[in-house]
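Asker: Please read through the structure below; I'll follow up with questions.
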Amino acid sequence: MHAAVSLCLACGFCCDGTLFDRVPLVEDELPLLSSVLQVAPGAHHARQPCPALEGRSCRVYAERPLTCRRFRCLLLEAHEADEVSLAGAVEVVASTRALRAKVAEALGVPDAGTVVEAARAPGVSQAAADAVARLDRQLAFHFLGQRSRRAR
Ligand code: SF4
Ligand code: SF4
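Just so you know, my numbering puts the end of the sequence shown at 153, numbered straight through with nothing missing.
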């Protein structure tokens, strides 16, 4: 198995709602993917956490959307450039997951990618706001750079 795939199978943040809240789709992808990705009538995106995510694997990997094929986070790029070992990259993923768990704990909700979205609702506690600010910095530094959370 390719090392990059090993990293992604240990992560899943670009599919589970941690980095993005949707997967944009092009018109040609709708006939094949709209059912499995549960695309709403008339929509051109799937919601995240992605319905095709099973554990940390993609059920439609061979036919995954162009958006998914193109996306490479900073950590994956650094790993592929041999700037970060697989163990080092997996450690970054683990520490990010630990930060996400702190957000979930502060919100009193189950830990999942959706906690990132929940933490942006009005009226969250200061503890949750602080935790999500730390998580946001980690996501920007290791995964997204200048990219916004909504745009791939
Ligand atoms: S966020 Fe990066 S490392 Fe994680 S699954 Fe996506 S591309 Fe792979
Ligand atoms: S289609 Fe596959 S690769 Fe794309 S977001 Fe969903 S689970 Fe991830």
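Think of the CB as a built atom: it goes at the ideal place given N, C-alpha and C, for glycine as much as any other residue.
It should be emphasised that the depicted structure is a prediction, and the values quoted were computed from it without experimental measurement.
Is it the case that the Cβ atoms of residue 29 and residue 49 are separated by a distance below 8 angstroms?
Answerer: no
Asker: Check residue 11 in the structure and name its three-state DSSP category.
Answerer: coil
Asker: Less than 8 angstroms between C-beta atoms, sequence neighbours within five positions excluded: which residues of the same chain meet that for residue 8?
Answerer: 76, 77, 80, 87, 90, 91 and 94
Asker: Who are the near neighbours of residue 107 in its chain, counting only those whose CB is closer than 7 angstroms to its CB and skipping five residues on each side?
Answerer: Result list for residue 107: 126, 128, 129 and 132, in chain order.
Asker: Can you tell me whether residue 16 is helix, strand or coil according to DSSP?
Answerer: Under the three-state reduction of DSSP output, residue 16 falls in the coil class, being neither helix nor strand.
Asker: What are the boundary residues of the alpha helix (DSSP H) that includes residue 117?
Answerer: Here the alpha helix (DSSP H) through residue 117 covers 115–119.
Asker: On a Cα-Cα basis, can you pick out the residue from 136, 84, 147 and 14 that is closest to residue 69?
Answerer: 14
Asker: Tell me whether residue 60, by its Cβ, gets closer than 7 angstroms to a heavy atom of ligand 1.
Answerer: No, the Cβ of residue 60 stays beyond 7 angstroms of every heavy atom of ligand 1.
Asker: According to DSSP, is residue 6 part of a helix, a strand, or is it coil?
Answerer: helix
Asker: Using the three-state DSSP reduction, which class does residue 104 fall into: helix, strand or coil?
Answerer: helix
Asker: At a cut-off of 7 angstroms, would you count residue 51 as near ligand 1, judging by its Cβ distance to the nearest heavy atom?
Answerer: no
Asker: I need the straight-line Cα distance from residue 117 to residue 32, nearest angstrom please.
Answerer: 30 angstroms
Asker: Rounded to a whole number of angstroms, what is the C-alpha to C-alpha distance between residue 115 and residue 22?
Answerer: 8 angstroms
Asker: With DSSP as the reference, label residue 66 as helix, strand or coil.
Answerer: coil
Asker: Can you determine whether any heavy atom of ligand 2 sits closer than 7 angstroms to the C-beta of residue 65, and answer yes or no?
Answerer: In this structure, ligand 2 has a non-hydrogen atom nearer than 7 angstroms to the beta-carbon of residue 65.
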